[in-house]
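Just so we're aligned: 59 in numbering that gives the first Met the number 0 is position 60 of the sequence shown, and the numbers increase by one with no gaps anywhere.
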Amino acid sequence: MTTLEEVRRRAEIDAQSRGYLLNSNPGFLKDLLQGLRANEERYGYPSCPCRPSAGVFELDRDIICPCDYRDPDVEEFGQCYCCLYVDREVHDSGVTSPIPERRPPEKQARSLGFEEEPQTAALEAAAPEKVRKLLYCKVCGYVVFREEPPHVCPICRAKKEFFADIEP
Ligand code: SF4
0 MTTLEEVRRR AEIDAQSRGY LLNSNPGFLK DLLQGLRANE ERYGYPSCPC RPSAGVFELD
60 RDIICPCDYR DPDVEEFGQC YCCLYVDREV HDSGVTSPIP ERRPPEKQAR SLGFEEEPQT
120 AALEAAAPEK VRKLLYCKVC GYVVFREEPP HVCPICRAKK EFFADIEP
């Protein structure tokens, strides 16, 4: 079983690798780390402590911490959705605020077990088709079929730069 200290260390290393910091409020930080640990124990992977998980790896892949939305959120708002990862300014001020959910509504709905809204399906159908491809992590060999590599490999945590196309 992963200990809280291991979860904390993992998050610290990840934050350092991107130039981020962890939330400066010790109690709040501990709650988030405990949430990650609980999810890892429950599902086998540390899904986001602030979002509902489907408990199915394929459906939760984008919200395995650090999620696909962390980097754009820290870049735009100085914090991730849960406020676990923050930039220097937010860290030093200690002030965090709710930010918009960047996760697409259809993925949220699937996590909650809802069918897609007809309107969402229609919008998706009308959108230009996204090209998905087979990609693999050059560090651990994890294979994924999607448009873009994940920001961080959910298995070995290698950055997206370590992903490459699998040529047919
Ligand atoms: S918002 Fe993303 S990076 Fe922040 S705790 Fe949740 S999964 Fe991790």
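The beta-carbon is built from N, C-alpha and C at its ideal position, and this holds for glycine as well.
**Message:** In the DSSP output, what is R17 paired with across the bridge?
**Reply:** What you label residue 17 is simply residue 18 of the sequence shown in a count that begins at 1. Beta-bridge pairing links R17 to no other residue.
**Message:** On the DSSP bridge list, what partners appear for D164?
**Reply:** Counting from 1 along the sequence shown, the entry for residue 164 is found at position 165. DSSP, once it has assigned bridges, lists L134 as partnering D164.
**Message:** If you measure between the beta carbons of D67 and D59, is that distance less than 8 Å?
**Reply:** Mapped onto the sequence shown, residue 67 falls at position 68. Mapped onto the sequence shown, residue 59 falls at position 60. No, the pair does not count as a contact, with Cβ atoms beyond the cut-off.
**Asked** Below 8 Å, can you find three or more Cβ-Cβ pairs linking the stretch 92 to 100 to the stretch 36 to 46?
**Response** no
**Prompt:** Beta carbon of Y84: closer than 7 Å to some heavy atom of the ligand SF4?
**Reply:** Counted from its first residue, the sequence shown places residue 84 at position 85. Under cutoff, so the answer is yes.
**Prompt:** Of the choices R102, C81, I98, whose alpha-carbon is the least far from that of L21?
**Reply:** Within the sequence shown, numbered from 1, the residue matching residue 21 stands at position 22. Per the Cα distances, C81.
**Message:** Between the alpha carbons of I165 and K158, how many angstroms are there, rounded?
**Reply:** To locate residue 165, count along the sequence shown from 1; it is residue 166. To locate residue 158, count along the sequence shown from 1; it is residue 159. Going by the C-alpha atoms only, they are around 17 Å apart.
**Message:** Does the beta-carbon of L31, which I'm using as the reference point, lie nearer than 7 Å to any heavy atom of the ligand SF4?
**Reply:** Mapped onto the sequence shown, residue 31 falls at position 32. Yes, since a heavy atom of the ligand SF4 falls inside the 7 Å radius drawn around the Cβ of L31.
**Check: P169 C-beta below 7 Å from any heavy atom of the ligand SF4** = Residue 169 lies beyond the stretch modelled for the chain, which goes from 0 to 167, so this question has no answer here.
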